[in-house]
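A short write-up of the structure that comes next.
Number of protein chains: 2
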Amino acid sequence: MSATIHDVAKAAGVSSSTVSRIINNKGGISAKTRDRVLEIMRKLDYVPNDTARSFANGSTSAIALVIDVIETRSFSNNFFNNSVFGIETVAHENGFNLIITNGRMQKGNITSADKLVFGKKVDGIILPNSLLDHAFIEKMNKIQFPYVVLGDPRTLDADNSWVDINNVQGGALAVHHLVKKGYKNIAFLSSGSKEIFNQDRITGYSRALHELGLPVLDERICHCNSTVENGLNAMSQMFQADTPPDAVICSDFYLAVGALRAARQNGLPVPEAFGIISFDNTPVTELSEPAITTVDIDTFGLGEQAASILIQKIEDKDMSSRQILLSTKIVERESTKRNQRRQDGE
Amino acid sequence: MSATIHDVAKAAGVSSSTVSRIINNKGGISAKTRDRVLEIMRKLDYVPNDTARSFANGSTSAIALVIDVIETRSFSNNFFNNSVFGIETVAHENGFNLIITNGRMQKGNITSADKLVFGKKVDGIILPNSLLDHAFIEKMNKIQFPYVVLGDPRTLDADNSWVDINNVQGGALAVHHLVKKGYKNIAFLSSGSKEIFNQDRITGYSRALHELGLPVLDERICHCNSTVENGLNAMSQMFQADTPPDAVICSDFYLAVGALRAARQNGLPVPEAFGIISFDNTPVTELSEPAITTVDIDTFGLGEQAASILIQKIEDKDMSSRQILLSTKIVERESTKRNQRRQDGE
DNA sequence: AAAATTTATGCAACCGATTGCGTTAATCAA
DNA sequence: TTGATTAACGCAATCGGTTGCATAAATTTT
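Chains as they are written, first to last, in the numbering used here: chain A, 1 to 346; chain B, 1001 to 1346.
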């Protein structure tokens, strides 16, 4: 149907090698022929067949992103969106296409990721630490297939490249912010105990408390699924304690809203008597009343870094592996913005 | 590096044609040779090279989704997420890979979508109505390249396939819900006047009001960018009117939160004195107080339908084009849940 | 002006599968 | 048993580019 390199060559009275060299900007072509050929290409609406090119030079100019879709909501979280956006941006800048595949799906015994990698559909792959499979990683290592892990792949002993949010730092940062605001009894609502990011946040939280000479109490840490109701219940229960928390750090916005409601039910005005910080600075954190102070995690940057490292690896297979931690920062809103002096004067 | 079909053939003492026929389940192979070859394939860890296959049979088993990224937030909206999820699911079920590309990016004079289509990287493409380009569509039509539009492509005169949310029905549904609840003076906060979905929602809104014998007033319709502040300002202004609105339909959650705050500032309890409905039933609509009643749009289904039609087109180029409208439904929450009798008794 | 370089281009093999056609072997009908 | 039919497989061309090597033409050097 559409024109091939041979059609162009014939029409221009040159060989297809010449056309190929022009397409790829190789040297050794006279200006005259180049111009003539380019003109013909335009006339014939010629576009090189990318599949044929991939086939000929053994590289696809595509990378894959494996996503971990357990339920709809986990797909529609902010983390995912911005990371994909970051990945796509960098991929595109470097001439790579981005293939997205759901890592939970499989046909027969082969996962979609497996097929993309060993079927040579992509030159490299980004996969979440939640979906690591030792056998799969081993197979990739054996052929030196480039990959980057999203999130610290702690369960892997091997040496590999990954990017992650510095959740330890984030947990500590939240504590420091609250303490600076005069809060002293800080709780932590985590959205799960298995996830490495939750573990890290709690590590940072505990470490910071310790450094500040504040007690680290087990009963102030609660792991629960991320719903408003769970957040509400967990906080309500903590409020029963002898010295109830006067602030809480939440792993996400749902828990934060739950905590907010619990505070209200207990007659604790936020931020005056109770402070709240949530991780993940999604736009909606501005919508609650009071607006929630957040630990901003750079999900876009995470994607950018992942794609960038991956592409470097693709272009230099012998590149040593690289690990990147992205710092977080506090975005202060109403839920912790109290007049500190009043508190100090107690 | 890794085994090719020829390696397998040689090891099994057959021709590569035979191996190919086995891979593709063509007939005319004896059980003995099939088993032997399959065994060898396993031993050699053979996986067919997908690029070579694509090249040989002229089809890529991949589709592209063009996304319209103007700013970060538009990327991270719920609409996008769930649609992508729906598309990926259907694509995967049918053995297609999904390539995602940002339609706003381009290199030289060629957009990423253009390159994917005419570079034969994909067999079909899904693109948003916001990114339609006449020349591009014409070029695709000329070679009968399969595509599906996300959102009614009203600006296109040509006959083509698309899927959309039935926003006209959604707008009408919102009105009917509010009227049933006893609200009579219903305003509309739109997130823009150019977007077809906003136009459609207002069409449905106006039509329903008309059918119910209620006046359609220009001053009750406001187009503004989607922020809480704009929603608040727009509603505050409407409250100055002689007969102020007693309910509002918002194009999204930000405007709805703005409207909620405006009502509160004006001393209008929600839902008792003022009703609010927002489009797009994202999880966060449950988080405000009161929780917002929404028009639920089936974004996942939208993606499923788009992918499904596209794949049918790929498999039968002569398929007539198809248009699909997905109905919306009301998810009732606190912001309209008032005791209707009190209102009727006025 | 002849020799030595450099530049511009063509030839042909190659990437790894698919497939139409032909051939041999096996099965069936007469 | 022979001829006809079918099943099982191989040969070789093909898909559309890329690239090492060879060669001819242009340019520079001596």
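Cβ atoms here follow ideal geometry from the backbone N, Cα and C, with glycine treated the same way.
Spatial distance of residue i from residue j (CA atoms)
i        : j        : result
S206(A)  : V149(A)  : 26 Å
S1321(B) : Q1305(B) : 13 Å
Y183(A)  : S191(A)  : 22 Å
A174(A)  : V84(A)   : 26 Å
I311(A)  : G124(A)  : 8 Å
S1076(B) : N82(A)   : With a pLDDT of only 44 at S1076(B), under the threshold of 50, the placement of this residue in the model should not be trusted, and no figure is reported.
R1264(B) : I196(A)  : 42 Å
E1209(B) : I1221(B) : Checking the displayed sequence, the identity of residue 1209(B) turns out to be Leu instead of Glu. Cα-Cα distance, rounded: 13 Å.
P245(A)  : D218(A)  : 12 Å
N1094(B) : R201(A)  : 40 Å
A11(A)   : A52(A)   : 20 Å
S1335(B) : A1187(B) : 15 Å
A1062(B) : A135(A)  : 27 Å
D7(A)    : V1117(B) : 19 Å
K366(A)  : I40(A)   : Outside the modelled stretch of chain A, which goes from 1 to 346, sits residue 366(A), for which no answer is possible.
K1120(B) : A1003(B) : 26 Å
Residues that residue i bridges to, as DSSP identifies them
i        : result
A1062(B) : N1097(B)
L150(A)  : P128(A), V163(A)
Q199(A)  : DSSP output for Q199(A) lists no bridge partner at all.
C1224(B) : Paired residue(s): none; C1224(B) is not in a bridge.
Q106(A)  : T111(A)
K1329(B) : D1296(B)
G1275(B) : A1247(B)
A187(A)  : V248(A)
I1067(B) : N1102(B)
Closer than 8 Å at the beta carbon, the chain A residues around residue i
i        : result
T1101(B) : E88, H92, N97, L98
P1128(B) : Simply none; closest approach about 15 Å.
I1143(B) : M1, S2
Exposure label - residue i; buried when at least 16 CB within 10 Å
i        : result
Q169(A)  : buried
H1177(B) : buried
D1152(B) : buried
P1048(B) : buried
G1267(B) : exposed
G347(A)  : Missing from the structure shown is residue 347(A); chain A here goes from 1 to 346 and no further.
S1130(B) : buried
N198(A)  : buried
A247(A)  : buried
D1252(B) : buried
I110(A)  : exposed
D1035(B) : exposed
R1042(B) : exposed
A1256(B) : buried
Contact set between residue i and chain A, taken where Cβ atoms lie within less than 9 Å
i        : result
L1326(B) : None at all; the shortest Cβ gap to chain A is about 16 Å.
Own chain residues within Cβ distance below 6 Å of residue i, not counting five before or after
i        : result
A1307(B) : I1087, V1090, A1091
Y1254(B) : S1226, T1227, V1228
M1105(B) : S1112
I1005(B) : S1016, V1019
G1027(B) : none
R73(A)   : At R73(A) the pLDDT is 44, less than 50, meaning the model places this residue with poor confidence and gives no usable figure here.
T1060(B) : S1054, V1122, D1123
Listed by chain order, chain B residues near residue i by CB distance under 7 Å
i      : result
A52(A) : F1055
Chain B contact residues for residue i, given Cβ-Cβ distances below 9 Å
i       : result
L287(A) : V1228, F1253, Y1254, V1257, V1284, L1287, S1288
S112(A) : H1092, N1097
Proximal residues of chain A, C-beta to C-beta of residue i below 7 Å
i        : result
M1105(B) : H92
N1339(B) : Those do not exist, as N1339(B) stays about 23 Å from chain A at its closest Cβ, beyond 7 Å.
P1048(B) : G119
Residues near residue i by beta carbon distance below 7 Å, same chain, minus five either side
i        : result
A1158(B) : I1137, N1141
V331(A)  : N281, T293, T294, D296
T1328(B) : I1165, N1166, Q1169, G1170, L1173, V1295, D1296, I1297
G204(A)  : N167, V168, Q169, G170, G171, A172
N102(A)  : I67, V69, S112
V179(A)  : L212
Residues near residue i in its chain [Cβ-Cβ closer than 8 Å; skip 5 each side]
i        : result
R1309(B) : The residue you asked about is not Arg; residue 1309(B) is Ile in the sequence shown. Correct list, in chain order: V1148, S1161, V1163, R1322, I1324.
Q1240(B) : none
H223(A)  : S190, S191, G192, S193, N198
P1146(B) : D1123, G1124, I1125, L1310, K1313, I1314, K1317
L1326(B) : V1163, D1164, I1165, N1166, I1297, D1298, G1301, L1302, Q1305
Closer than 8 Å at the beta carbon, the chain B residues around residue i
i      : result
V14(A) : Within chain B, no residue comes near V14(A); the closest Cβ sits about 22 Å away, beyond 8 Å.
T60(A) : T1051
Check: residue i C-beta below 8 Å from any heavy atom of the ligand FMN
i        : result
C1250(B) : Ligands displayed in this structure: none; no statement on the ligand FMN is therefore possible.
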